[in-house]
Structures are given as structure tokens and as C-alpha cells.
Amino acid sequence: MRLARRIIPCLDTDGARVVKGVNFVRLRDAGDPVALAMRYNAEGADELVVLDIAASRDRRPTFLETIRRVAAELAIPLTAGGGIRSLDDARAVVRAGADKVTVNTAAVARPALISELSREFGAQAVVLAIDAKRAGSRWHVMVRGGRDSASLDAVSWAKHGASLGAGEILLTSVDRDGTQSGFDIPLTAAISREVLVPVMASGGAKLPEHFAQIFIEGAADAALAASIFHDSVQPIRELKNFLAAKGIEVRLPC
Amino acid sequence: MNVTLLDYGAGNVTSVERALQRLGVASTRASAPEPIATAEALLLPGVGHYATLIRALDERALRQPLLEAIRRGVPFLGICLGLQALYESSEEAPDLTGLDLLPGQIRALPAKVKLPHMGWNQLSIKRNSPLLANIGADAYFYFAHSYAAVDANDRGVCVATCTYGEEFVAVLERGNISAVQFHPEKSGAAGAQVLRNFLGLVA
Numbered sequence: 011m012r013l014a015r016r017i018i019p020c021l022d023t024d025g026a027r028v029v030k031g032v033n034f035v036r037l038r039d040a041g042d043p044v045a046l047a048m049r050y051n052a053e054g055a056d057e058l059v060v061l062d063i064a065a066s067r068d069r070r071p072t073f074l075e076t077i078r079r080v081a082a083e084l085a086i087p088l089t090a091g092g093g094i095r096s097l098d099d100a101r102a103v104v105r106a107g108a109d110k111v112t113v114n115t116a117a118v119a120r121p122a123l124i125s126e127l128s129r130e131f132g133a134q135a136v137v138l139a140i141d142a143k144r145a146g147s148r149w150h151v152m153v154r155g156g157r158d159s160a161s162l163d164a165v166s167w168a169k170h171g172a173s174l175g176a177g178e179i180l181l182t183s184v185d186r187d188g189t190q191s192g193f194d195i196p197l198t199a200a201i202s203r204e205v206l207v208p209v210m211a212s213g214g215a216k217l218p219e220h221f222a223q224i225f226i227e228g229a230a231d232a233a234l235a236a237s238i239f240h241d242s243v244q245p246i247r248e249l250k251n252f253l254a255a256k257g258i259e260v261r262l263p264c
Numbered sequence: 554m555n556v557t558l559l560d561y562g563a564g565n566v567t568s569v570e571r572a573l574q575r576l577g578v579a580s581t582r583a584s585a586p587e588p589i590a591t592a593e594a595l596l597l598p599g600v601g602h603y604a605t606l607i608r609a610l611d612e613r614a615l616r617q618p619l620l621e622a623i624r625r626g627v628p629f630l631g632i633c634l635g636l637q638a639l640y641e642s643s644e645e646a647p648d649l650t651g652l653d654l655l656p657g658q659i660r661a662l663p664a665k666v667k668l669p670h671m672g673w674n675q676l677s678i679k680r681n682s683p684l685l686a687n688i689g690a691d692a693y694f695y696f697a698h699s700y701a702a703v704d705a706n707d708r709g710v711c712v713a714t715c716t717y718g719e720e721f722v723a724v725l726e727r728g729n730i731s732a733v734q735f736h737p738e739k740s741g742a743a744g745a746q747v748l749r750n751f752l753g754l755v756a
């Protein structure tokens, strides 16, 4: 009896539709969020993440409606984020049906936001999303959708975020995102071994072996992927069977 | 049948409401004393801080009607914090008094494991209970918490435990009181079965 490692499909949306890019740019349409959510719920996904990567003010009501429609279909936890700048933004997302909220750029700008969210919803509902990019032997935190460097060390920021009340870290490798060349193992291992909260690894997944590596060598608690699931390149059930055969604890779909 | 959901302004009420809808069961939110007094079945969901739940119960004057309904034998299901609230108190807010229906204090899980205990875990079943009918011994449930009933003196109420850092009460039952530390509303087919089993107790 061990806590299972989680497999989490991630829906990057422009508010209404799922989109996918390479290294955070070159977006293309990847489907209807509700249809994908229903499929993943049935296929044995452990959780779902829905992000508003456009995060523009005028598209906000559309995104909240997407959350409501997705949440109505899910019997698994739902994390939502993208553009959450205040307690009110987070309340709207939670009220729409999200179990957890992610904060990223706004938390870098004002770390106290993490504590405010944690006090209101509990640490288990606050996910600190960190977009990290290699710089020599360390990693820098990137903000504004991976475009700008925040001049912040990713490992220190993860530890600080957890101490402020984040209950989980969603760690995306900007270098690997969209490349399908495998998760960033050194980055994930560095953060997972330093912080005392669970770490979800994201960016670069393609092969089942990549998932095995990120759990075993990267010490990730959960692994996220997008296009390989959306495009049905990698069925979740098959992936979990592969991991189970490697001795990795997963929740096998019933 | 109609399930009364205690709505104290925080927590996972919407998720629970939707899970009941998927089972075709009507529910009504209650944030005032009156609907509790006439409830057929009561469900106390909860996530977040223990103090938020206990203070809200008192500020909204829900504690007495809730205790009276439970005493009358109305079927009750507590989820997550809704389980923790049944005990005397919690280390998370030691100055507050819980519903005090069960002896013992809720304690923090040990810091030797990553906290919160977040994700899917299995149960160790201690005794038969209608709450766990038609659920496989290897079923997984979704947990999201840092505190738990770890030294519950009254082990008689414990139906199943889970172990993360240490063993804690995951499912309990005493008379018309049932409670689970995991989130059945977020635990896929196994969670839906737990809710169905509880509703079977109501019918």
C-alpha cells in the first residue's frame, strides 16, 4: 500500500479551445476541453489540469465557463489556473468547480498571494506553477508564459513557495516543453528532493520510458503531458500498465 | 430522497453536489439551522483549514442542529475535514472544540513524508461495513490532507485505515455516523460506490 504516482493530462486552453505549442509558442488547435476531459476521466487519468494560457481579461468568463463544463464531467480532481492574480480570481475558479488553483507570474511578483490563497482554501488547493529554464548548472524561473526571466533561482523559489503555503509544485521545463524529448530529470530531481511538498513534472513527455524515468530518477510525484494524450499517441491505460510492470505504483483503471 | 449538504461557505460543496447529481440524487445546500432540523440525510464536506470549518459551524449556529439531528439518528456522512470535525479537537487549531462525538485529537501526519498527503492511496480494511460494500480490496481513493485521526482512542469505530507516514483512520462508522478521510466525490468509480453505499443506508 503506497501512494500512487499520478498521470495527469494537461489542457492548455485559449479560454475555450485546447491549444498546443512548442516551447510556449506556435499554438495550434487540439480539441474541445469537455470532450477531452470526459475521455481522460474514463481512461483512468488521475487528475486533470486546465490552464488558460491566453489569460486575457476579456476571455475570463469564457475560461470560467470551460471550467464549469469540465468540472461537471469529472469524478477526479481538477486543477485550474493561468492568469490568477488575486484572491478574487482564485475564488472564481474554485467556485466554477476547480479543486486546486495554480499561480505563477503573479506569485513571483507578489509571493504573499500564495499565503493568502493557502489561508483561504488550504495548502492542498494551492499549486505553485514554476516554469524553469536551464542557466549553467542552475535553473531560472521564467514568467509571462515562459518568455521573461524573473532572475530567481527555481530551486530556491520552489522551497520559498512551499514555505509560504503552496501544497504542490507544478514544474515545467521550458527547455523540454513541446519537444517530446523526455522530461527534464535533473531539474525535477533537484526540486523534488529539496521541497517537502509533492512535485508534478511537466514538459517533454513522449515515450512510456520517459514517465518511468521521471518517477524513478526524477523523484516526481506526478507527471503531466498534453499532446501525446490529446492526439491519442499514448493511451493512459497502456502507459499505466507499462509503469506497473516496472514496479511503479500506479492506480490501474478499473 | 434528498441529501442536505452543509454549506459553510468554503470547501468542496460543488464537487459533492455534482457527484450526487451523477448518481441521480437530489441535494439541498444548508447554511442555516432550519433545513438541518428537517434533513433526511446530512453530508458535511470540507477541505482546507480545520478552524474555518469549526468557526463557520458556530458562526452560522449549525453546531446544535447538527448534533441534534445526529442524535435523532439522521444518517450522516463526513468527508475529509467532515471526518476530522467529529473528534474532540485538532492540533491544527488546538483552541477550538470539535463536534466531540468521538474521543481523541486530530494530529498532523509526520513530517518524514511529503505533505499534504496528496493523491490516490489504498485502504486496509479492518472490518465489514455497508459503506465499503462492492468495493475491491485494491481500490484507490483520492486523499488531500495533512492532518488525520492517527491516535483515535476509540478504534472500535474504525472501518478502514490508510498509511502515509503513519496509519490513520480512513473510514469510520458508528451507528448513523459515517465518515471518510478521502474524497469520494473525486475518487472515480470507487468513490461513487461509497456514496451509493451511504445513500443505501439512507433509503
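Protein sequences, first through last, are from chains A and B.
Residue numbers for the first sequence follow the working numbering, so the first one is 11 and each next one is one higher.
Residue numbers for the second sequence follow the working numbering, so the first one is 554 and each next one is one higher.
Idealized CB from N, CA, C, for every residue including glycine.
Going along chain B in order, which residues have a C-beta closer than 7 Å to the C-beta of residue i?
| i | result |
| --- | --- |
| residue 179(A) | Simply none; closest approach about 10 Å. |
DSSP three-state label for residue i, please.
| i | result |
| --- | --- |
| residue 555(B) | strand |
| residue 561(B) | coil |
| residue 725(B) | strand |
| residue 195(A) | helix |
| residue 96(A) | coil |
| residue 641(B) | strand |
| residue 698(B) | strand |
| residue 10(A) | Here chain A covers residues 11 to 264 and nothing more, so residue 10(A) does not appear. |
| residue 30(A) | strand |
| residue 107(A) | coil |
| residue 607(B) | helix |
| residue 189(A) | coil |
| residue 566(B) | helix |
| residue 674(B) | strand |
| residue 734(B) | coil |
| residue 72(A) | helix |
| residue 665(B) | coil |
| residue 183(A) | strand |
Let's test the definition: count the other Cβ atoms within 10 Å of the Cβ of residue i and tell me whether it reaches 16, buried, or not, exposed.
| i | result |
| --- | --- |
| residue 702(B) | buried |
| residue 680(B) | exposed |
| residue 617(B) | exposed |
| residue 697(B) | buried |
| residue 112(A) | buried |
| residue 648(B) | exposed |
| residue 146(A) | exposed |
| residue 119(A) | exposed |
| residue 614(B) | exposed |
| residue 798(B) | What is shown of chain B runs 554 to 756, which leaves residue 798(B) out entirely. |
| residue 132(A) | buried |
Can you confirm whether residue i, when its beta carbon is compared against all beta carbons of chain B, has any partner nearer than 8 Å?
| i | result |
| --- | --- |
| residue 176(A) | no |
| residue 245(A) | no |
| residue 81(A) | yes |
| residue 231(A) | yes |
| residue 14(A) | yes |
| residue 261(A) | yes |
| residue 39(A) | no |
| residue 56(A) | yes |
Give a yes or no on whether the C-beta atoms belonging to residue i and residue j are separated by under 8 Å.
| i | j | result |
| --- | --- | --- |
| residue 606(B) | residue 583(B) | no |
| residue 734(B) | residue 636(B) | yes |
| residue 39(A) | residue 29(A) | yes |
| residue 744(B) | residue 85(A) | yes |
| residue 227(A) | residue 165(A) | no |
| residue 554(B) | residue 569(B) | no |
| residue 153(A) | residue 178(A) | no |
| residue 106(A) | residue 65(A) | no |
| residue 590(B) | residue 628(B) | no |
| residue 17(A) | residue 56(A) | yes |
| residue 63(A) | residue 89(A) | no |
| residue 663(B) | residue 753(B) | no |
| residue 668(B) | residue 699(B) | yes |
| residue 658(B) | residue 642(B) | yes |
| residue 171(A) | residue 138(A) | yes |
List, in order along the chain, the chain A residues whose C-beta lies closer than 8 Å to that of residue i?
| i | result |
| --- | --- |
| residue 744(B) | 85 |
| residue 608(B) | Per Cβ cutoff of 8 Å: no residues; residue 608(B) is ~13 Å from chain A at best. |
Anything in chain B within Cβ reach of residue i, meaning under 8 Å, just list it in chain order.
| i | result |
| --- | --- |
| residue 103(A) | Correct list: empty, because the minimum Cβ distance to chain B is about 12 Å. |
| residue 208(A) | 667, 669, 671, 672 |
Just checking: is the beta-carbon of residue i within a distance shorter than 8 Å of some beta-carbon in chain A?
| i | result |
| --- | --- |
| residue 679(B) | no |
| residue 565(B) | yes |
| residue 562(B) | no |
| residue 572(B) | yes |
| residue 700(B) | no |
| residue 640(B) | no |
| residue 568(B) | yes |
Quick one: which chain A residues come within Cβ less than 9 Å of residue i?
| i | result |
| --- | --- |
| residue 600(B) | 109, 131, 132, 134, 135 |
| residue 697(B) | 87, 109, 110, 132, 134, 135, 177 |
Mind listing the chain A neighbours of residue i? Cutoff is C-beta to C-beta under 7 Å, in chain order.
| i | result |
| --- | --- |
| residue 741(B) | 85, 86 |
Please tell me whether, using a cut-off of 7 Å, the distance from the CB of residue i to the nearest non-hydrogen atom of the ligand COA is below it.
| i | result |
| --- | --- |
| residue 710(B) | Absence of the ligand COA is noted for the structure shown, with no ligands found whatsoever. |
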